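Under the numbering used here, the first residue of the sequence shown carries the number -17, and numbering increases by one thereafter.
Following: one structure in structure tokens, then a few remarks.
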Amino acid sequence: MRLLKKVVAVGMASTMVFTIAGCGSKTTETTAAPAETTAAAAETTAAGETTAAAAETKDPNAKVENKDKPLVWFNRQPSSSATGQLDMTALNYNKDTYYVGFDANQGAELQGTMVKDYIEKNIDSIDRNGDGIIGYVLAIGDIGHNDSIARTRGVRKALGTAVEKDGNINSDPIGTNTDGTSTIVQDGKIEVNGKSYIVRELASQEMKNSAGATWDAATAGNGIGTWASSFGDQIDIVASNNDGMGMSMFNAWSKDNNVPTFGYDANSDAVAAIAEGYGGTISQHADVQAYLTLRVLRNALDGVDINTGISTADDAGNVLSDDVYVYKADERSYYALNVAVTSDNYQDFMDSTMVYAPVSNQLDESAHPTKNVWLNIYNSADNFLGSTYQPLLQKYDKLLNLKVDYIGGDGQTESNITNRLGNPSQYDAFAINMVKTDNAASYTSLLDQ
Ligand code: BGC
Ligand code: CA
């Protein structure tokens, strides 16, 4: 059965190869017969380990089945949106499957600490209405997204407002809690110069629009308006799971009211706003993530060690030091490390789309011929992905000789994106940013066909 399908696929692909030949090297003369033999040979070695060896000796022009092509998940890690548990089936889809994201817990801790440090440093002016309570509101991105959950927990933990539920910090939104009676959070206590203050989460909400898009900046902008009109003088701090929502709240209310606002992502507009009172943000090293996203594909396509140009220098001198990322082999995941961006250092982060210098060298086209990559962004309106991540990808794709088709989703429906993966045989590799982290199979099932 498989073999039959494959023959058809090979036939289709050789047509495809010629239509895209202009951007590849001269070696695109794929003949169906040898390719077929190699693919079949690879298949008989089924048990993983040995396939790698077989792959190395195979004809570089051999037709690869879609299910065996390099695949990288990025920014939205395959996982249960209910429990956060990783979807190891998706992460192990084939031997060239990886995830690229950032260390969510380390970043969340930094974000929480950044807010706490700010309070301590500004204790004399922070309590705007002088009631002894430092009140904050929190914009939540997506209650089913690991990164969003981690950030909510990080802020609550650092400010002492966290409450445990089933062994973890509860990350649910509270609605409003101006009187401090919520059971999802508790009042925290901060001691500065021998004086103690109450810290209260006054309100939090998932910023999801009526059509279902999460991390929605416009919803956050409206949300702060609603909160401010009913308890504005109690709000001393605005915290947000990301800069898109944070900047929307800053522009709508907190800037004019001198209320420090904290986000995440270090988008250029947020970094620039630090000069105007934005409290701070976290860089999730998008410059490293965007590189890693395309780099793992490049390495798999070249059939070289996966850490080439990552932990070991490549032939152009690209290499990352271990203070900017970690790799967890059991999770098949690369995680960039985060850095706090505050009034102390923001000048160094003004352009979030600048490639990371240690990995900015052009690969040689003859040794690393152009390959075609299908890549999607779950929501074309997402501030971080649109204004920081994608511009970086578009710089690295050239450096790595990858011709990438960028597909922008609507942020709500997986099918809006999967519908545009109608012909995977046209591509050499895939980079996927799901709408919902549970939905990996909607993509892999298309590659299985
Ligand atoms: C970013 C958010 C973004 C989300 C999209 C997160 O890593 O921090 O700004 O909206 O990814 O998936
Ligand atoms: Ca107060």
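All residues carry an ideal CB built from backbone N, CA and C; glycine is no exception.
From a predicted model like this one, the values you see are computed outputs, not experimental measurements.
Worksheet entry | Cutoff 8 Å; reference Ala29; Cβ partners in own chain excluding five residues on either side | Residue confidence is low: Ala29 scores 41 on pLDDT, short of 50, so the model does not pin down where it sits. No coordinate-derived value is stated.
query = Taking Cβ to Cβ, would you say Gly391 is nearer than 8 Å to Asn361?
reply = Taking a C-beta distance under 8 Å as the contact criterion, Gly391 and Asn361 qualify as a contact pair.
Point to revise | Distance between Met189 and Ala311 (C-alpha atoms, nearest Å) | key: Our two residues, Ala311 and Met189, have alpha carbons roughly 34 Å apart in a direct line.
### Alpha-carbon to alpha-carbon, Phe331 and Asn260
Going by the sequence as given, residue 260 is Tyr instead of Asn. C-alpha of Tyr260 to C-alpha of Phe331: approximately 14 Å in a straight line.
Can at least three beta-carbon pairs, one atom from the region 247 to 263 and one from the region 317 to 331, be found at a separation below 8 Å?
-> A contact between stretches requires three or more CB pairs, one per stretch, nearer than 8 Å, and the region 247 to 263 meets this requirement with the region 317 to 331.
Fill in: Through-space distance from Ile359 to Ala422, alpha-carbon basis
If I take the Cα positions, the gap works out to 14 Å.
For ligand 2, is there any heavy atom lying closer than 7 Å to the beta carbon of Ile116?
Ile116 has its Cβ nearer than 7 Å to a heavy atom of ligand 2.
Q) Is the distance from the Cβ of Ser63 to the Cβ of Asp420 below 8 Å? A) In this structure, Asp420 lies closer than 8 Å to Ser63 by Cβ.
Q.
With DSSP as the reference, identify every bridge partner of Thr243, one or two as the case may be.
A. Note: Thr243 sits in a beta bridge opposite Val220, Tyr260.
Note to self: Quick check on Thr32: does DSSP put it in helix, strand or coil?
What the structure shows: Legend: pLDDT at Thr32 = 42, less than 50; position of this residue unreliable, no value from coordinates given.
May I ask whether a heavy atom of ligand 2 can be found less than 7 Å away from the beta carbon of Asp113? True, at least one ligand heavy atom lies under 7 Å from that Cβ.
ask   = Which word fits Glu432, buried or exposed, when buried means at least 16 other C-beta atoms lie within 10 angstroms of its C-beta?
value = The structure shown has nothing for residue 432, since the chain only spans -17 to 431.
_Check whether the region 239 to 253 and the region 202 to 220 touch, using three or more Cβ-Cβ pairs below 8 Å as the test._
Touching, yes.
Practice item. Give a yes or no on contact between the region 103 to 118 and the region 334 to 352, applying the rule of three or more CB pairs nearer than 8 Å. Key: By the Cβ test, the region 103 to 118 is not in contact with the region 334 to 352, since fewer than three Cβ pairs between them sit closer than 8 Å.
Q. Does the Cβ of Gln216 have 16 or more other Cβ atoms within 10 Å, making it buried, or fewer, making it exposed?
A. A residue is called buried when at least 16 other Cβ atoms come within 10 angstroms of its Cβ; Gln216 meets this threshold and is buried.
Cβ of Pro281 within 8 Å of Cβ of Thr290? The question names Pro, but residue 281 is Asn in the sequence shown. Their beta carbons are under 8 Å apart, which means Asn281 touches Thr290 by this criterion.
Worksheet entry | Continuous beta strand (DSSP E) stretch holding Ser62: start and end | Note, Ser62: premise wrong, no beta strand (DSSP E); not H, not E.
| Asp106: buried (16+ other C-beta within 10 angstroms of its C-beta) or exposed? | Counting Cβ neighbours within 10 Å, Asp106 comes out exposed, since fewer than 16 surround it.
Heavy atom of ligand 1 less than 7 Å from the Cβ of Asp452, yes or no? Since the displayed the chain opens at -17 and closes at 431, residue 452 lies outside it and no answer follows.
Beta-bridge partners of Gly83, as assigned by DSSP = For Gly83, which the question treats as bridged, DSSP gives the partners Tyr317.
(request) Measure from the alpha carbon of Ser212 to the alpha carbon of each residue in Ala200, Phe232, Leu184, Leu374, then state which is nearest. (result) Checking every option, the nearest Cα to that of Ser212 belongs to Leu184.
Q.
Once the 5 residues before and after Asp85 are set aside, which same chain residues still bring their CB inside 6 Å of it?
A. So the list reads Tyr317, Leu319, once near-sequence residues are dropped.
### Task
Go to Trp209, then tell me how far its alpha helix (DSSP H) extends in each direction, as first and last residue.
From DSSP, the alpha helix (DSSP H) with Trp209 extends over 199 to 213.
Ends of the alpha helix (DSSP H) at Ser230? Its alpha helix (DSSP H) spans residues 225 to 231.
Using the rule of at least 16 other Cβ atoms within 10 Å of the residue's Cβ for burial, across every protein chain shown, is Cys5 buried or exposed? Caution applies to Cys5, whose pLDDT of 37 falls short of 50 and renders its modelled position unreliable; the value that the coordinates give is listed next. The residue in question, Cys5, is exposed, as its Cβ has fewer than 16 Cβ neighbours within 10 Å.
With a cut-off of 8 Å, does the C-beta of Ala295 fall near any C-beta of chain C? Included in the structure is just one protein chain, with no chain C present.
Q. Considering only residues of the same chain and omitting the five flanking positions on each side of Arg(-16), which have a CB-CB separation below 6 Å?
A. Per-residue confidence for Arg(-16) stands at a pLDDT of 40, beneath the threshold of 50, marking its modelled position as unreliable; no derived number is given.
* To do: Would you decide whether Asn175 is buried or exposed? Buried here means 16 or more other CB atoms lie within 10 Å of its CB.
  => Asn175 is exposed by the Cβ-count criterion.
Taking the alpha carbon of Asn128 as the point to measure from, which residue in Thr65, Ala234, Lys385, Gln168 has its own alpha carbon closest? Checked all of Thr65, Ala234, Lys385, Gln168; the closest Cα to Asn128 is Thr65.
Quiz item: Is it right to say Gly157 is buried, meaning 16 or more other beta carbons lie within 10 angstroms of its own, or is it exposed?
Solution: That one is exposed.
request  = Given a cut-off of 8 Å, decide if Gly205 and Ala121 are closer than it, judged by their beta-carbon atoms.
outcome  = For Ala121 and Gly205, yes; Cβs fall inside 8 Å.
- Report back the beta-carbon spacing between Tyr80 and Ser315 to the nearest angstrom; my notes put them in contact at under 8 Å. Cβ atoms of Tyr80 and Ser315 come within 8 Å of each other, at about 7 Å.
| query | Going by other Cβ atoms of all chains shown within 10 Å of its Cβ, with 16 needed for buried, is Val145 buried or exposed? | reply | Around the C-beta of Val145, fewer than 16 other C-beta atoms lie within 10 Å, and the residue is accordingly described as exposed.
**OP:** Can you give me the start and stop residues for the beta strand (DSSP E) that Asp387 sits inside?
**Re:** Counting along the chain, the beta strand (DSSP E) containing Asp387 begins and ends at 384 to 390.
When the Cα of Ser303 is compared with those of Gln329, Asp287, Tyr338, Asn224, which residue comes out closest?
-> Of the listed residues, the one whose Cα sits closest to Ser303 is Tyr338.
Tell whether a beta-carbon distance below 8 Å holds between Ala234 and Gly194.
Contact flag unset, no.
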